[in-house]
Amino acid sequence: MKLSEYAKHLLLAPNLEDKLLPPSKHWEEEFEEIPLRIQKPGRNQLIQFSDKKVKIPRLEHLNLESNKGLTLHHFANHELMAIELFAWAILAFPTAPKSIRNGWVKTIEEEQTHLKLYINRMNDFGVQFGDIPLNYIFWKQLEQFQTIESFSAVMSLSFEGANLDYSQIYAKVFSYFGDVKTAEIMLIIFEDEVKHVKRGVRAFEKSIPPEKNSWEHYLTLIQFPFTPRRAKGYLFFPETRYLAGLDQNFVNHLSHYEDEYTGRVNFESVKKFGLGSELMRKNRLDSLSNRL
1 MKLSEYAKHL LLAPNLEDKL LPPSKHWEEE FEEIPLRIQK PGRNQLIQFS DKKVKIPRLE
61 HLNLESNKGL TLHHFANHEL MAIELFAWAI LAFPTAPKSI RNGWVKTIEE EQTHLKLYIN
121 RMNDFGVQFG DIPLNYIFWK QLEQFQTIES FSAVMSLSFE GANLDYSQIY AKVFSYFGDV
181 KTAEIMLIIF EDEVKHVKRG VRAFEKSIPP EKNSWEHYLT LIQFPFTPRR AKGYLFFPET
241 RYLAGLDQNF VNHLSHYEDE YTGRVNFESV KKFGLGSELM RKNRLDSLSN RL
């Protein structure tokens, strides 16, 4: 199979199981290099996009299994969109360097693993994928993806970058409520997201012009109303960005960035869990679970 055929399969196949088809280890040679920009993924009625807004449960309500299931459903939706959009990038940027394309394929494979982890765990809580309306926030950014660098700025540095924070937050909260199994899943995702952001940084940093620093270049690659707010959670863990290869200037600017949406979180509920800046890591879960 050609890599482009695989990418088309992930994008256009209607069923969830089709989008979980793992990538091959070997690809047939391709000779055509015509960009293909598919505007919408194929999805059956069960997993179709919806404009209905469904709020993610508050942190203090994650002691309830139903709310855990709803939260994981929210995250699973993000994984499915990521699978589709990295496949989209393979088709849209056929002349991308081999190292970048290989990174996209590896990211797809890891996102598929994440999606299966989320689905299996939410099923434990009585929630099936598709039970709740699925937003399409990632797909709404399609017009921003004009170059490899802008794709990397939005998908990797922003959306996946924010997940570095959210995976830490939810690992700590699930652990607080004694749900070590779900916390472990969040830490698996965290470790992989570090790699995903790092791949995006490599694609992004090669295009930084001499007269700009990384933060200034990043700002030129995103379009309002999309802002750097999308690149971090409501709690920010600077160390995660250093792990992903971002420089101190970028991390400092992101840390201090605010816009009209900043602060729309009930920080009293966040404070309840004592979510400090110390990172949880997968191989230290047991030792940290009681020290939040």
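Numbering (full-length UniProt numbering), first residue to last: 1 to 292.
Built from N, CA and C at the ideal position, the CB exists for glycine as well.
A quick note: this is a predicted structure, and the numbers were derived from the prediction, not measured.
Taking 8 Å as the cut-off, the beta carbon of Leu70 is found closer than this to the beta carbon of Pro57. Taking Glu32 as the centre and dropping the five residues before and after it, the same chain places no C-beta closer than 7 Å to its C-beta. Around the beta carbon of Phe159, a 10 Å sphere encloses 16 or more other beta carbons of the protein chains shown; the residue is thus reported as buried.
Beta-carbon to beta-carbon, Ser156 and Arg101 are separated by about 14 Å, too far to satisfy the 8 Å threshold. The segment 130 to 148 and the segment 48 to 56 touch, with no fewer than 3 CB-CB distances between them shorter than 8 Å.
Glu258 counts as exposed, since fewer than 16 other C-beta atoms from the protein chains shown sit within 10 angstroms of its C-beta. Only residues of its own chain outside the window of five on either side were considered, and among them His114 and Ser167 have a CB closer than 6 Å to the CB of Ile189, listed in chain order.
By the Cβ rule, the segment 228 to 238 does not count as touching the segment 178 to 196, because fewer than three pairs are nearer than 8 Å.
If the five residues before and after Glu149 are omitted, its C-beta is found closer than 6 Å to the C-beta atoms of Phe204, Ser207 and Leu221, all from its own chain and listed in chain order.
Around the beta carbon of Thr95, fewer than 16 other beta carbons sit within 10 angstroms, so the residue counts as exposed. Apart from the 5 residues on each side of it in sequence, Glu239 sits with its Cβ closer than 7 Å to the Cβ of Leu279 in its chain, given in chain order. Per DSSP, Asn102 is one residue of the alpha helix (DSSP H) stretching across Lys98 to Asp124.
For Phe129 and His73, the gap between their C-alpha atoms comes out near 6 Å. Around the C-beta of Asn163, 16 or more other C-beta atoms lie within 10 Å, and the residue is accordingly described as buried. Shown here, Leu187 sits in a helix according to DSSP, grouped into three states. Taking each of Leu64, Asn44, Leu16 and Leu91 in turn and checking the Cα distance to Lys2, the smallest one comes out for Leu91. Of the candidates Phe273, Gln112 and Ala7, Gln112 places its Cα closest to the Cα of Leu16. By the C-beta density criterion, Tyr176 is buried, having at least 16 other C-beta atoms within 10 angstroms. The residues Gln144, in chain order, have a CB closer than 6 Å to that of Gln223 in the same chain once the five nearest residues on each side in sequence are set aside.
One alpha carbon belongs to Gly233, the other to His9, and they sit about 32 Å apart.
Under the three-state reduction of DSSP output, Phe49 falls in the strand class. Proximity to Gly103 across Arg241, Val197 and Phe236 peaks at Val197, based on C-alpha coordinates.
The three-state secondary structure of Lys206, taken from DSSP, is coil. About 5 Å separates the beta carbons of Leu11 and Ala87, which is inside the 8 Å limit, making them a contact pair.
The beta carbon of Tyr170 sits closer than 6 Å to those of Met186, all from its chain and outside the five residues before and after it, given in chain order.
DSSP places Asp165 in the uninterrupted alpha helix (DSSP H) bounded by Gly161 to Tyr176. When the Cα atoms are used, Leu243 and Val201 turn out to be separated by approximately 11 Å.
Using a Cβ distance threshold of 8 Å, Phe174 and Tyr118 do not count as a contacting pair. Between the alpha carbons of Trp27 and Leu235 lies a distance of about 41 Å. Across the structure, Leu21 and Ala13 are spaced so that their CA atoms are roughly 10 Å apart.
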